[in-house]
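Below you'll find the structure, written out as structure tokens, and then a few comments.
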Amino acid sequence: MQTDNEISRWEEAIISLPDEQFFNTMRLYLGEIKTPYNKQRLTQKLASFIYNEKNSNSIITLLDSFDVKILTAISIIPGATQEILTDFFSGSFRFSEIYAEIANLTERLIIYKSKNKIDGREFLKINPLLEEKIKPYLNIKSIFPDYTVSSFSNEDVFSLSPNLLSAFISYIEVHGIAYKSNGEIKKNEIAKLEDIFPVRAKFVKFLMNAFINLSFVTETEKSFKINKTRISSFAKLPENQQYALLCAASVSRFSSEGLKKEAQLLLDCVTSIPESGYTRESILKLAFIAGTFTEDGSAIAKKSRFSMILESAHSTSRWTDDPMQNANLLDRMIESAAVFGILQEIGKTSDGKILYRSNFKPQNEIATDSMARTAQFPRVLNIDSTFTVTIMPGLPLSELIPLTSFMVIKKFGVVTEFEITRQSVSAGFDIGWLPQSIFEKIESFSAYEVPKSIKTNITEWYSAYSSAMLFHGFILKVTDKNITFAENNPNFKKYIKEKLAEGIYLLNIPFDSSIDEFIKKSGFDFLGSVKSSVTESEFVTFPLLRAGKKLSIFETTSDEETLQTSIAAAEKLLKSLKENLECTDMDSNKKKSLSQRISNRLILSNEQLSNTAVRTEILEAGGMDFAGKVHLLEAAVKDDDIVEITMPNPNSNSFITLIGRCLELSKQAGEAVARFEIEPEKGIKTSLVSRITNLRRLKY
14 MQTDNEISRW EEAIISLPDE QFFNTMRLYL GEIKTPYNKQ RLTQKLASFI
64 YNEKNSNSII TLLDSFDVKI LTAISIIPGA TQEILTDFFS GSFRFSEIYA
114 EIANLTERLI IYKSKNKIDG REFLKINPLL EEKIKPYLNI KSIFPDYTVS
164 SFSNEDVFSL SPNLLSAFIS YIEVHGIAYK SNGEIKKNEI AKLEDIFPVR
214 AKFVKFLMNA FINLSFVTET EKSFKINKTR ISSFAKLPEN QQYALLCAAS
264 VSRFSSEGLK KEAQLLLDCV TSIPESGYTR ESILKLAFIA GTFTEDGSAI
314 AKKSRFSMIL ESAHSTSRWT DDPMQNANLL DRMIESAAVF GILQEIGKTS
364 DGKILYRSNF KPQNEIATDS MARTAQFPRV LNIDSTFTVT IMPGLPLSEL
414 IPLTSFMVIK KFGVVTEFEI TRQSVSAGFD IGWLPQSIFE KIESFSAYEV
464 PKSIKTNITE WYSAYSSAML FHGFILKVTD KNITFAENNP NFKKYIKEKL
514 AEGIYLLNIP FDSSIDEFIK KSGFDFLGSV KSSVTESEFV TFPLLRAGKK
564 LSIFETTSDE ETLQTSIAAA EKLLKSLKEN LECTDMDSNK KKSLSQRISN
614 RLILSNEQLS NTAVRTEILE AGGMDFAGKV HLLEAAVKDD DIVEITMPNP
664 NSNSFITLIG RCLELSKQAG EAVARFEIEP EKGIKTSLVS RITNLRRLKY
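What the sequence shown shows, in our numbering, is residues 14 to 713, in sequence order.
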């Protein structure tokens, strides 16, 4: 139900219209205006005209499917503007079509422009006097229709998985990845990767971009190496969140807040896709709308220009609160989601559009790190005497990373093959693995014991490895009187990696992490700061995301069915009005002008068919009507109207349609030259009027 405050805003918007537009509107609906006049009273009379049951019913009868689409979009997009709607419908309608439709809905009194009192920005709202009657016709499926698969896809879906990520990490850990000076991966490296991973080059490129932007890898002179601390932290996240972060990071580098916003947007967007699937265009619209709401479903509050400048200066995120600026970013993120298998191609519609659905696992099927600590995982590992380890799906990334840290990837597939080599085991020894702990780890996920020949080789390799060792990390030295306390303290013993000498210990704490937790838990509150010249790097944790949430626009609270517009009822009303017009005794020009208004659905009743209310205007002129085109352009310059220009395309045999303002019209002998400011890019174009095949003023 409309409130007095909403009606007051509508009245204020009408009164604030430029005089010419205000009086044209009043004459159109109320007839000739007598002087003296009062704008407030005229606006109230216009409200009474709309409240009239017959008139409001006629307005509703004349709604068509395009009207419903635009009105539905205005109702679900907070702070919708003409520019936002143009961007939102960019894959479906031209700028000129959106502009003309908004102008038409405005003159039909169905929508109005409300001004934000803080920043002066204008946004579109549905007329509160008509809102209750319009609501039953608003249909989210007019924008997000139900699709039917005409032909199903037979293509194998290659998607992100814990096994794939652990295999990719294993490859980088052992081999590194060679790249060119411009940052691109070398061709021979791509060939090696494609031999191990049966994926397209784009998959590898996107995944490597994500690893770089999430700081999973550090750059060496000619290669990349894994940042173990950061990748281990990432592995503790729920699986869907891992993939959302990878997808967002694959298209750009963001600040922590920007990364969270992008990844959460993707989670919500993909969760909102029905099982029957959406086209890429529909998914883009979903992402567009998801970006305009906060976590609790409320509209994003617009920030002041100053705060946005400050945020931009302190952030590497390229996301803004303006959906229009993010269309390209969203498009690339959706492409990444399709490449990563987050969006699964299910087939095509009858008109050849590809349909995608979510490939995310339901939340109750995902093993989180906390679950991993208590779960009994399946026996997915098998090891043979050739040192080949096969791992089937079933383990979370947090378990696979330590398990594969002493192996090297051989071949990724449904069953992934790793190999234990002297080089890979040495890498495991470097991070603290001992022969016995390796055997125990393997056997915890295998139904069989490690073959004796493998145990013997690994033990021999460790003997050779430990014959001469380099140490890097935190060293703790305690006095003789504290040795007994230290070695009998269970909270300290678990941190000992190696006893180097009496009272001197190498700790198994990552060198780039904080020592504070160790000091707190070990009971060594007498310790001072770490004696080192190295500056400790800051470790930033990953943003915490919530589970994907279906967008609130799909949650219907009413049991009432959506009403459908009736083409037959609209045509019947228009035909009746035109028949009544023919019965009047006005001249042909006035009849033509009124007939145009009827066709544009501006005339609602016979009372509007009045001589005194008619203004004869040329709104359209064809290619042969040179004088009509000149007259139309002169009027457009005078009234600062937008015009739609159709002319031959110089690069083909087709025609192009542009819209813009005519800035200047220069008449010459038998010709005229018009200079236009083209919307929305604001470019300047000059054209001979004779070359224009059709010209239309976008006003009603």
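Note that the Cβ used here is the ideal one computed from N, Cα and C, for glycine as well.
Go ahead and label proline 141 buried or exposed: buried means 16 or more other beta carbons lie within 10 angstroms of its beta carbon, across all protein chains shown. By 1-based counting over the sequence shown, the position of residue 141 is 128. Proline 141 should be labelled buried.
Taking lysine 465 as the reference, give the member of Glu135, Ile396 and Lys199 with the closest Cα. Start at 1 with the first residue of the sequence shown, and residue 465 comes out as number 452. Checking every option, the nearest Cα to that of lysine 465 belongs to Ile396.
For threonine 292 versus leucine 173, is the C-beta distance shorter than 8 Å? The residue you call residue 292 lines up with position 279 of the sequence shown. The residue you call residue 173 lines up with position 160 of the sequence shown. Not a contact, by the Cβ cut-off of 8 Å.
Contacts around isoleucine 46, its chain only, beta-carbon distance under 8 Å, and the 5 residues preceding and following it disregarded: In the sequence shown, the residue the question calls residue 46 occupies position 33. Closer than 8 Å at the Cβ level, and outside the excluded window around isoleucine 46, lie Phe36, Met39, Arg40 and Leu55.
Residue range of the beta strand (DSSP E) that arginine 674 falls in? Counting from 1 along the sequence shown, the entry for residue 674 is found at position 661. Unbroken beta strand (DSSP E) run through arginine 674: 668-681.
From the DSSP output, read off the bridge partner residues of threonine 292. Sequence index remark: in the sequence shown, residue 292 carries index 279 (1-based). According to DSSP, which records beta bridges pairwise, threonine 292 is partnered with Leu368.
What three-state label does DSSP hand arginine 386 in the structure shown? Locating residue 386 in the sequence shown gives position 373, counting from the first residue. Any reading at arginine 386 must be qualified, since the residue scores a pLDDT of 47, below 50, and its modelled position is unreliable; the value itself is stated next. Correct three-state label for arginine 386: coil.
Burial state of lysine 494, where buried means 16 or more other Cβ atoms lie within 10 Å: Numbered from its first residue, the sequence shown carries residue 494 at position 481. Classification of lysine 494: exposed, given that the 10 Å Cβ count is below 16.
From lysine 58 to tyrosine 64, what distance separates their C-alpha atoms? What you label residue 58 is simply residue 45 of the sequence shown in a count that begins at 1. What you label residue 64 is simply residue 51 of the sequence shown in a count that begins at 1. Cα-Cα distance, rounded: 10 Å.
On the three-pair Cβ rule with 8 Å, is the stretch 594-612 touching the stretch 669-682? no
Between the Cα of phenylalanine 301 and the Cα atoms of Glu288, Glu574 and Phe102, which residue gives the shortest distance? Here residue 301 is taken as the residue at index 288 of the sequence shown, counted from 1. Nearest of Glu288, Glu574 and Phe102 to phenylalanine 301, Cα basis: Phe102.
Report the three-state DSSP secondary structure of glycine 635 (helix, strand or coil). Here residue 635 refers to the residue found at position 622 when the sequence shown is read from its first residue. Of the three classes helix, strand and coil, the one that applies to glycine 635 here is strand, per DSSP.
Grab me the residues of lysine 562's own chain with a C-beta within less than 7 Å of its C-beta, minus the 5 sequence neighbours each way, in chain order. Indexing the sequence shown from 1 puts residue 562 at position 549. Result list for lysine 562: Asp281 and Thr284, in chain order.
Use the C-beta contact count for leucine 701: other C-beta atoms within 10 angstroms, 16 or more gives buried, fewer gives exposed. The residue labelled residue 701 in the question sits at position 688 within the sequence shown. Answer is exposed; the Cβ neighbour count stays below 16.
Mark tyrosine 50 as exposed unless 16 or more other C-beta atoms lie within 10 angstroms of its C-beta, in which case mark it buried. Along the sequence shown, read from residue 1 onward, the residue named residue 50 stands at position 37. Exposed: under 16 other Cβ atoms inside 10 Å.
Please work out which residues of its chain come closer than 7 Å, Cβ to Cβ, to leucine 76, disregarding the five sequence neighbours upstream and downstream, and give them in chain order. To locate residue 76, count along the sequence shown from 1; it is residue 63. Excluding positions up to five away in sequence, the list reads Tyr150 and Thr578.
Please identify the residue among Ile182, Ile203, Ser183 and Phe181 whose C-alpha is closest to the C-alpha of alanine 191. Walking along the sequence shown from the start, residue 191 turns up at place 178. When only C-alpha atoms are compared, the closest one is Ile203.
Closest residue to glutamate 114 among Gly44, Phe555 and Asp80 (Cα-Cα distance): The residue given as residue 114 occupies position 101 in the sequence shown. Out of Gly44, Phe555 and Asp80, Asp80 has the C-alpha closest to the C-alpha of glutamate 114.
Pull up the distance between the alpha-carbon of threonine 575 and that of asparagine 117, whole angstroms please. As a working mapping, residue 575 is identified with position 562 in the sequence shown. As a working mapping, residue 117 is identified with position 104 in the sequence shown. Answer to the nearest angstrom: the Cα atoms are 24 Å apart.
By how many angstroms is the C-alpha of glutamate 33 removed from the C-alpha of glutamine 681? For the purposes of this step, residue 681 is taken as residue 668 along the sequence shown, with counting starting at 1. For the purposes of this step, residue 33 is taken as residue 20 along the sequence shown, with counting starting at 1. Distance between the alpha carbons of glutamine 681 and glutamate 33: 31 Å.
Cβ-based burial, threonine 570 [other Cβ within 10 Å; buried from 16]: In the sequence shown, residue 570 corresponds to position 557, counting from 1. Residue placement at threonine 570 is flagged as unreliable, the pLDDT there being 47, under the threshold of 50; a coordinate-derived value is accordingly withheld.
Where valine 463 and phenylalanine 452 are concerned, what is the direct C-alpha to C-alpha distance, given to the nearest angstrom? Position 450 of the sequence shown, counted from the start, is the residue given in the question as residue 463. Position 439 of the sequence shown, counted from the start, is the residue given in the question as residue 452. Computed Cα separation, rounded: 6 Å.
Could you say which of Ala248, Asn240 and Lys67 lies nearest to leucine 557 if we only look at CA atoms? On the sequence shown, residue 557 is found 544 positions in, with the first residue counted as 1. It is Ala248.
Is the separation between the beta-carbon of alanine 223 and that of serine 263 shorter than 8 Å? Within the sequence shown, residue 223 is the residue found at index 210, counting from 1. Within the sequence shown, residue 263 is the residue found at index 250, counting from 1. Yes, Cβ-Cβ distance for alanine 223 and serine 263 is below 8 Å.
Can you tell which of Leu250, Phe689 and Ser703 has the C-alpha that lies nearest to the C-alpha of isoleucine 697? What you label residue 697 is simply residue 684 of the sequence shown in a count that begins at 1. Checked all of Leu250, Phe689 and Ser703; the closest Cα to isoleucine 697 is Phe689.
Can you find the residues in the same chain that come closer than 6 Å, C-beta to C-beta, to serine 325, ignoring five residues on each side of it along the sequence? Taking the first residue of the sequence shown as 1, we reach residue 325 at position 312. With a pLDDT of only 41 at serine 325, under the threshold of 50, the placement of this residue in the model should not be trusted, and no figure is reported.
Quick check: what's the CA-CA separation for phenylalanine 165 versus isoleucine 444? In the sequence shown, residue 165 corresponds to position 152, counting from 1. In the sequence shown, residue 444 corresponds to position 431, counting from 1. Rounded to the nearest angstrom, the two C-alpha atoms are 48 Å apart.
Check for me: the alpha helix (DSSP H) holding alanine 499 runs from which residue to which? On the sequence shown, residue 499 is found 486 positions in, with the first residue counted as 1. That run of the alpha helix (DSSP H) goes 493-500.
Measuring alpha carbon to alpha carbon, tell me which of Leu98, Asn176, Gly92 and Ser155 ends up nearest glutamate 135. Here residue 135 corresponds to residue number 122 of the sequence shown, with the count starting at 1. That would be Gly92, whose Cα lies nearest to the Cα of glutamate 135.
Determine the direct distance from the alpha carbon of asparagine 664 to that of tyrosine 112, and round the result to whole angstroms. Here residue 112 refers to the residue found at position 99 when the sequence shown is read from its first residue. Here residue 664 refers to the residue found at position 651 when the sequence shown is read from its first residue. Cα-Cα distance, rounded: 26 Å.
Can you name the residues that DSSP bridges to tyrosine 736? The requested residue 736 is not part of the displayed model; the chain covers only 14 to 713.
Cutoff 7 Å; reference glycine 635; Cβ partners in own chain excluding five residues on either side: As a first step, residue 635 must be located in the sequence shown, where it is residue number 622. Result list for glycine 635: Asn707, in chain order.
Candidates Asn201, Lys67, Ile156 and Ser236: closest to isoleucine 87 by CA position: Translated into positions along the sequence shown, residue 87 becomes position 74. Out of Asn201, Lys67, Ile156 and Ser236, Ile156 has the C-alpha closest to the C-alpha of isoleucine 87.
Span of the alpha helix (DSSP H) around serine 78: On the sequence shown, residue 78 is found 65 positions in, with the first residue counted as 1. Counting along the chain, the alpha helix (DSSP H) containing serine 78 begins and ends at 78-89.
Spatial neighbours of aspartate 344 in its chain, beta-carbon cut-off 7 Å, leaving aside the 5 residues before and after: Taking the sequence shown and counting its residues from 1, one reaches residue 344 at position 331. Same-chain partners within the cutoff: Leu297.
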